[in-house]
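Residue numbers 0 to 442, in numbering that gives the first Met the number 0, belong to the letters of the sequence shown in order.
In this text, a Cβ means the ideal position worked out from N, Cα and C, and glycines have one as well.
As the structure is a computational prediction, the values presented were derived from the model and not from experiment.
Below: the structure, in structure tokens.
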Amino acid sequence: MDLGEGLRKALAKLTGAAIMDEKAVKEFIKELQRILISNDVNVKLVFELSKRIEEKTLKEKPLPGVSPKEHAVRVVYDELTNMMGERHEPRLEKQRILLLGLFGSGKTTSVAKLAKFYQSKGLKSGVICCDTFRPAAFEQLQQLSERNGIPFYGEKGGTDATRIIRNGLERLKDNDVIILDSSGRSAFDTDLQRELKLISQNFEPNERFLVISADIGQVAGKQAAEFNASVPLTGVLITKMDGSGKGGGALSAVAATGAKVAFIGTGEKIPDIETFDSKKYVGRLLGFPDLETLISKMDTIVKEENIKPEELLEEKFTIKTFYEQLKATKKMGPLKSVFGMLGMADMPKEMLEQSEEKLKTYEVIINSMTPAEREDASLLKKSRSRQERIAKGAGVKPEDVRRLLSEFEKMEKMMGMFKRDRGFRKKMEKMMKGGGLKMPGAG
Ligand SMILES: Nc1nc2c(ncn2[C@@H]2O[C@H](COP(=O)(O)OP(=O)(O)OP(=O)(O)O)[C@@H](O)[C@H]2O)c(=O)[nH]1
Ligand SMILES: [Mg+2]
């Protein structure tokens, strides 16, 4: 079971118990330990954490106005947050950043992601390829940079790191932020150590970020300590937080070494990077809405797709709005995380998977509908002959048309829920101001 799902279930059980007595708390603690350990969090950390949670839940008096159950949720939230490290505040100023790490950890991708990140903060940012080890490294970063409008310097086939850095710094001197991609190895060895020392001396980085893939779990702690001993790190960037069930293990292990998790990678695409904030991370795991991230993400997409926010919540939900939304949500990345951010973690699976192919099929189906049908889906629901006509026109099976309709209906229901919720937007605004953030299952 994934970490978030496990935690949410265990908490819901605790807060749903008729009385939250010692027995219920002890049961919860056992469950919590099982979930954390199976997600590769270090056993010692888990026992320390669960002991504190047990003590605080049973012995501490809740603040006035806070129910024992709310208190318990708060304790769990605080303890998990502490275990996962602190919040990173990136310096938004002129600087040089070195990314280092083992093979395939995500260095090159993260170099481009970071350049875009700093560009989005208004800083001119360029990148240097100083991976002199892997032959295709130059092309990979060059292409990523070209596609994303990032100034790039590299020397194809070049092996002289000192020279590459000198030339690169000269060529990119108009940039505020310069990020350097270094070569990996299959393990940390003296060869890599020597190379990184040389790069450090010539590049004089302000930040030295170790890039680690989340899928190595708690081994991340050992790795961070090992690198740190010879190349003093200023932070760690954990990639593949999206695909790995071991993200929590990696984060907590790195935090336990005292190294700081600076950024996390949450997907293969360039925008999939976040400054690390343990509160946000744990909040999302527990299913509390992370509205700041959601809203800023929505804002960008709404701008890109030219969607008017009112339209998303307009009175009438039509096939047209449905399709616009599917497209937008696909852009937002796995819908799962978006709904997780809204505190509605467990959506029907088929709605979470918006493949390119499926969207294409939907597009041709929708194109075969008459304007009236697009406005009023009830015309279609009742009429098999209309469904068949559309299928024929679109060159698909009638089942495909019905599948679209059934998804439309599900989404329509959800939108209805939002609206009945005394204005979804109002709720979001209220939550953002910090008031009224009700924890699921608590109370
Ligand atoms: N899902 C996911 N994939 C990622 C993420 N970051 C990187 N990847 C993928 O991981 C693979 C390796 O990434 P690279 O950036 O080439 O890794 P590297 O550390 O530069 O590798 P070497 O140069 O060979 O040492 C690529 O397929 C990336 O798309 C992430 O945050 N999430
Ligand atoms: Mg690379």
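| Asked | Found |
| --- | --- |
| Where the alpha helix (DSSP H) containing Q386 begins and where it ends | 383 to 393 |
| Start and end residues, beta strand (DSSP E) containing R207 | 206 to 212 |
| Cβ-heavy atom distance, T107 to ligand 2, below 6 Å | yes |
| Which of helix, strand or coil DSSP assigns to I365 | helix |
| CA nearest to the CA of G125, picked from K43, S109, Y322 | S109 |
| Secondary structure, beta strand (DSSP E): runs of 3+ residues fully inside the segment 249 to 289 | 260 to 264, 272 to 274 |
| Nearest to S104 (by Cα), restricted to the options L57, S185, T369 | S185 |
| Contact the segment 245 to 254 vs the segment 210 to 218: 3+ CB pairs below 8 Å | yes |
| Outcome for E145 when other beta-carbon atoms lying within 10 angstroms are tallied against a minimum of 16 | exposed |
| Assigned exposure category for F187 - 16 Cβ within 10 Å defines buried | buried |
| Three-state secondary structure (DSSP) of R90 | coil |
| Expected contact under 8 Å - CB spacing of L140 and V210 to nearest Å | Going by Cβ atoms, the distance from L140 to V210 rounds to 14 Å, so no, they are not a contact pair. |
| Reduced DSSP secondary structure (H/G/I, E/B, other) of M153 | Correcting the residue identity first, residue 153 is Gly in this sequence and not Met. Coil. |
| Start-to-end residues for the beta strand (DSSP E) that takes in S37 | No beta strand (DSSP E) contains S37, which is instead part of the alpha helix (DSSP H) from 21 to 37. |
| At least three beta-carbon pairs within less than 8 Å, the segment 48 to 62 to the segment 258 to 268 | no |
| Where R7 falls, given that 16 or more other Cβ within 10 Å makes a residue buried | buried |
| N- and C-terminal bounds of the beta strand (DSSP E) containing I127 | 124 to 129 |
| Unbroken stretches of the beta strand (DSSP E), 3 residues or longer, contained in the segment 68 to 116 | 94 to 99 |
| Whether L236 touches F208 by CB criterion (7 Å) | yes |
| The segment 148 to 157 in contact with the segment 192 to 203 per 3-pair CB rule at 8 Å | no |
| Distance, V72 Cα to L284 Cα | 13 Å |
| Spatial neighbours of E30 in its chain, beta-carbon cut-off 7 Å, leaving aside the 5 residues before and after | A9 |
| Chain-order list of residues whose beta-carbon lies under 8 Å from that of A224 (same chain, five-residue window excluded) | T256, A258 |
| Same chain, Cβ closer than 7 Å to S367, five either side skipped, listed in chain order | I389, G392, A393 |
| A24 to G5 span [Cα, whole Å] | One detail in the question is off: residue 24 reads as Val in this sequence, not Ala. So the two alpha carbons sit approximately 16 Å from each other. |
| Residues near K93 by beta carbon distance below 6 Å, same chain, minus five either side | D175 |
| Presumed contact (8 Å Cβ cut-off) between G264 and K245, rounded CB distance | Between K245 and G264 the Cβ distance is about 14 Å, and since that is not below 8 Å, they are no contact. |
| Ligand 1 heavy atom lying under 6 Å from the CB of G264 | yes |
| Check whether R90 and P204 have beta carbons under 7 Å apart | no |
| Backbone CA spacing between K412 and K396 [nearest angstrom] | 25 Å |
| Beta-ladder partner(s) of I164, from DSSP | Per DSSP, none; premise fails for I164. |
| Where the beta strand (DSSP E) through L179 begins and ends | 176 to 181 |
| 6 Å Cβ shell around L113 - same chain, five flanking residues per side excluded | I178 |
| Distance between D159 and S182 (C-alpha atoms, nearest Å) | 13 Å |
| Proximity test, A135 beta-carbon vs ligand 4 heavy atom, cut-off 6 Å | Ligand 4 is not part of the structure shown, which contains ligand 1 and ligand 2 as its ligands. |
| Nearest-angstrom Cα separation, counted from Q200 out to E88 | 26 Å |
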